[in-house]
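Residue numbers (numbering that gives the first Met the number 0), protein chains in the order written: chain G, 0 to 309; chain D, 0 to 276. Think of the CB as a built atom: it goes at the ideal place given N, C-alpha and C, for glycine as much as any other residue. In this text, all values refer to a predicted model and were calculated from it rather than measured experimentally.
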Amino acid sequence: MAKIANKQVICDILVEAGRKDKDIVALCSDSRGSASFTGFANELPEQFVETGIAEQNLVSISAGLAKCGKKPYAASPACFLSTRSYEQCKVDVAYSNTNVKLVGISGGISYGALGMSHHSAQDIAAMSAVPNMRVYIPSDHFQTGCLMKALIEDDKPAYIRVGRNAVDDVYEEGNVPFEMDKATVVCEGTDVAIIACGEMVKPAKDAAELLKAEGISAGVVDMYCVKPLDTEAIVKAATGVKAVVTVEEHAPFGGLGSMVSQVVGSECPKKVINIALPDAPVITGTSKEVFDYYKMNAEGITAKAKEALK
Amino acid sequence: MENLKALAYELRENVIDMIVEGKAGHIGGDMSVMEILTEIYFDQMNISPENMDDPDRDKFIMSKGHSVEAYYAVLAAKGFFDIKDVIAQFSKFGSKFIGHPNNKLPGIEMNSGSLGHGLPVSVGMALAGKMDKKDYRVYTVMGDGEIAEGSVWEGAMAASHYKLDNLCAVVDRNRLQISGNTEDVMAHDDLHERWKAFGWNVIDVADGNDIDQLKTAFDAAREVKGKPTVLIANTVKGKGSSVMENKANWHHKVPNAEELEQIRKDLAARKEEALHG
Numbered sequence: 000m001a002k003i004a005n006k007q008v009i010c011d012i013l014v015e016a017g018r019k020d021k022d023i024v025a026l027c028s029d030s031r032g033s034a035s036f037t038g039f040a041n042e043l044p045e046q047f048v049e050t051g052i053a054e055q056n057l058v059s060i061s062a063g064l065a066k067c068g069k070k071p072y073a074a075s076p077a078c079f080l081s082t083r084s085y086e087q088c089k090v091d092v093a094y095s096n097t098n099v100k101l102v103g104i105s106g107g108i109s110y111g112a113l114g115m116s117h118h119s120a121q122d123i124a125a126m127s128a129v130p131n132m133r134v135y136i137p138s139d140h141f142q143t144g145c146l147m148k149a150l151i152e153d154d155k156p157a158y159i160r161v162g163r164n165a166v167d168d169v170y171e172e173g174n175v176p177f178e179m180d181k182a183t184v185v186c187e188g189t190d191v192a193i194i195a196c197g198e199m200v201k202p203a204k205d206a207a208e209l210l211k212a213e214g215i216s217a218g219v220v221d222m223y224c225v226k227p228l229d230t231e232a233i234v235k236a237a238t239g240v241k242a243v244v245t246v247e248e249h250a251p252f253g254g255l256g257s258m259v260s261q262v263v264g265s266e267c268p269k270k271v272i273n274i275a276l277p278d279a280p281v282i283t284g285t286s287k288e289v290f291d292y293y294k295m296n297a298e299g300i301t302a303k304a305k306e307a308l309k
Numbered sequence: 000m001e002n003l004k005a006l007a008y009e010l011r012e013n014v015i016d017m018i019v020e021g022k023a024g025h026i027g028g029d030m031s032v033m034e035i036l037t038e039i040y041f042d043q044m045n046i047s048p049e050n051m052d053d054p055d056r057d058k059f060i061m062s063k064g065h066s067v068e069a070y071y072a073v074l075a076a077k078g079f080f081d082i083k084d085v086i087a088q089f090s091k092f093g094s095k096f097i098g099h100p101n102n103k104l105p106g107i108e109m110n111s112g113s114l115g116h117g118l119p120v121s122v123g124m125a126l127a128g129k130m131d132k133k134d135y136r137v138y139t140v141m142g143d144g145e146i147a148e149g150s151v152w153e154g155a156m157a158a159s160h161y162k163l164d165n166l167c168a169v170v171d172r173n174r175l176q177i178s179g180n181t182e183d184v185m186a187h188d189d190l191h192e193r194w195k196a197f198g199w200n201v202i203d204v205a206d207g208n209d210i211d212q213l214k215t216a217f218d219a220a221r222e223v224k225g226k227p228t229v230l231i232a233n234t235v236k237g238k239g240s241s242v243m244e245n246k247a248n249w250h251h252k253v254p255n256a257e258e259l260e261q262i263r264k265d266l267a268a269r270k271e272e273a274l275h276g
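Next comes the structure, spelled out in structure tokens:
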């Protein structure tokens, strides 16, 4: 079966919801193609707003629409959405408490070969630091679907980051455990806990398999809800194991690793190893090539987990 | 009809009280924008504490959020809150009357303060009105220094692209900003041509502190179809007292005792003149 990109699921769900609710609107900044929102624009043109290449305007217009009863989904490359329009996200969305859902597409290093201008390796730190902003980084298309359905039902600001490419499934049809704002336990373990988000959940799950083959019991937690962080799940996963490993497609500061370290440090102190992108412009390549290079793959996570247990 | 000219001077007195009591405030811009806000709130807009939940009422965004003292005075006069509370609490520890608009207060739509946000947000509000085929109008007031923000022009582009004739923006053209003359800091002239080039209907208001001229301009804006309107309201920063008028250092200032006495005297005289000619 062909893999489905998370962004495609977002569009499909919005089209379905938008047909029933005319207040659901989608906005793009000349990004409908890259966001896979062309379907929405074609199906529901009266509910689609194009802002041109103007991300600040994209977010402010969304806030104005929300203030007048609309339910806007603003989709733009995560790199621009989270930095170019950061102040609009902070003031017009979070601070003014408008029902705007910010959809950061092609997040992390999805645009691998396009350089640092197109990478969003700061968005978790930036968005999480804003009061009243929620941050979600779903792992696969099943989870993205569940998340979107939950977000459609609420009326609060949120930032959602998804990657550009279709990724391998973590879950399977008919077996998609999901509770809003609660991390999903992919598997339980007694030696090491691996806490990951977004595209890093699948290699974390694979690493647990590799570790199992070596007689090491690794638990995997899918922390799609980076904010509000499910601290209870962190404490539960970290209690009883010897070490914790975090994995994220983000800079090494201020992201999931930092947050998990804070929780573990204060609630159940033990060794935490953070796997993240380097504090440098990343090497050119496809997502896979880049992840392999920085050992952000199943083998790399396995090695770090074993190192943590030493 | 209420004497709005006199009201504008009375509201200036409230602003002075706020600033003296709170020991802070963007006094110069409060004074320049007062007639603009008074005309919008007391003559143009269909808005009151009673109809805030009505989706058909008009909307307003105070983009030049630092002139919040003037905004508070107008909202209090409209009945959204008690002016005595504002004067007593403005800028004090833990106060809800902070130095920029906050939508936790009744009557305020959006939190502003960071410049260049009001117009793009207003575009969204006007667009929602068009989508829902509603008749409400959206107003926003910007400072002239503010329009150096690039986001203003992103909003300007979108407003004309979407033919938002339900949107009326005002530039409080007092020609002074914190560092001095706007034309020295970052030139805006010919402002009329700039907005026109962005597809807007542009109305120059020769005296933006004259209620009659503002009324004529806002009324004319209602009749324009197919494009948004901007009023370039030529105002006087610090309007109301010779102590402050056209002085850049009164952008943010608390008057001393001597200045205060003169300002109060000047405002009272102008209010009297407005009342009795």
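Give me the DSSP bridge partner(s) of residue i.
i	result
N174/G	E171/G
K226/G	V134/G
R174/D	In DSSP, R174/D forms no bridge with anything.
P71/G	V24/G
R11/D	Per DSSP, none; premise fails for R11/D.
Y138/D	F59/D, C167/D
T37/G	Paired residues: none, contrary to the question.
S119/G	G107/G
Y314/G	No information on residue 314/G is available, as it lies outside the stretch 0 to 309 that chain G covers here.
I202/D	L230/D
F186/G	Note on residue identity: the sequence assigns Cys, not Phe, to residue 186/G. V219/G, per the DSSP bridge assignment.
By how many angstroms is the C-alpha of residue j removed from the C-alpha of residue i?
i	j	result
D84/D	G24/D	16 angstroms
H187/D	V229/D	15 angstroms
M0/D	F41/D	With a pLDDT of 43 at M0/D, under the threshold of 50, the predicted position of this residue should be treated as unreliable, and no value is reported.
N102/D	F96/D	11 angstroms
I35/D	P100/D	17 angstroms
C186/G	M258/G	21 angstroms
C78/G	T50/G	17 angstroms
L113/G	G112/D	35 angstroms
T139/D	M109/D	11 angstroms
M179/G	P137/G	11 angstroms
C167/D	M126/G	33 angstroms
L163/D	K236/D	30 angstroms
G326/G	A4/G	Residue numbering for chain G in the displayed model covers 0 to 309; residue 326/G lies beyond these limits and cannot be assessed.
H65/D	Y223/G	39 angstroms
A250/G	A279/G	8 angstroms
N245/D	K238/D	8 angstroms
M124/D	G173/G	41 angstroms
Quick one: residues in its chain with C-beta nearer than 8 angstroms to the C-beta of residue i, no 5 flanking neighbours on either side, listed in chain order?
i	result
S178/D	V184, A247
E86/G	Q55
L213/D	E34, I35, E38, V204, G207, L230, A232
V281/G	I108, G111, M115, H118, A120, V289, Y293
With a threshold of 6 angstroms on Cβ separation, who are the neighbours of residue i within its own chain once the five nearest residues in sequence on each side are excluded?
i	result
D205/G	A297
D168/G	D139
E176/D	Glu is not the amino acid found at residue 176/D; the sequence shown has Gln there. G144, V184, listed in sequence order.
D131/D	none
Q46/G	G17, V24
Span of the alpha helix (DSSP H) holding residue i?
i	result
M30/D	26-38
M130/D	117-130
N96/G	No alpha helix (DSSP H) contains N96/G, which DSSP labels as neither H nor E.
M147/G	140-152
G284/G	Premise fails: G284/G is in no alpha helix (DSSP H) and is neither H nor E.
Using C-beta distances below 7 angstroms, list every residue in its chain close to residue i, excluding the 5 sequence neighbours before and after it, in chain order.
i	result
V244/G	V191, I193, I272, I274, I300, K303, A304, A307
K66/G	T97
A273/D	N2, K4, A5, Y8
V263/G	I233, A237, V243, K269, V271
P149/G	At residue 149/G the sequence reads Ala, which differs from the Pro that was named. For A149/G, where only same-chain residues beyond five positions count, the Cβ hits under 7 angstroms are M179.
What residue range is occupied by the uninterrupted beta strand (DSSP E) comprising residue i?
i	result
V191/G	191-195
E198/G	From DSSP, E198/G is part of no beta strand (DSSP E); its letter is neither H nor E.
K270/G	270-274
Check your understanding: Just by C-beta distance, which residues in the region 93-121 of chain D are closer than 7 angstroms to chain G?
Key -> N102, E108, M109, N110, S113, H116, P119, V120, S121
Practice item. Closer than 7 angstroms, Cβ to Cβ, to anything on chain D: give me those residues from the region 85-104 of chain G, in chain order. Key: E86, Q87, V90, D91, Y94, S95
Practice item. Report the residues of the region 53-74 of chain G with a CB closer than 7 angstroms to any CB of chain D, ordered along the chain. Key: A53, Q55, N56, S59, I60, S61, A62, G63, L64, K66, C67, G68, K69
Check your understanding: Mind listing which residues of the region 134-153 of chain D have their C-beta closer than 7 angstroms to chain G's C-betas, in chain order?
Key -> S150, E153
Practice item. Output, in sequence order along the chain, the residues in the region 122-133 of chain D whose CB is closer than 9 angstroms to any CB in chain G. Key: V122, G123, M124, A125, L126, A127, G128, M130, D131, K133
Review point. Which of the residues in the region 242-254 of chain D, read from start to end, lie with their CB under 7 angstroms from any CB of chain G?
Key: none
Point to revise | Residues of the region 31-57 of chain D whose Cβ lies closer than 9 angstroms to any Cβ of chain G, in chain order | key: P54
Practice item. Determine which residues of the region 22-46 of chain G have a Cβ less than 8 angstroms from any Cβ of chain D, and write them out in chain order. Key: V24, E45, Q46
Check your understanding: Listed in chain order, which residues of the region 238-260 of chain G have Cβ atoms closer than 9 angstroms to some Cβ of chain D?
Key -> none
Exercise for review: Give the residues from the region 154-172 of chain D that approach chain G closer than 9 angstroms (Cβ to any Cβ), ordered along the chain.
Suggested key: G154, M156, A157, H160, Y161
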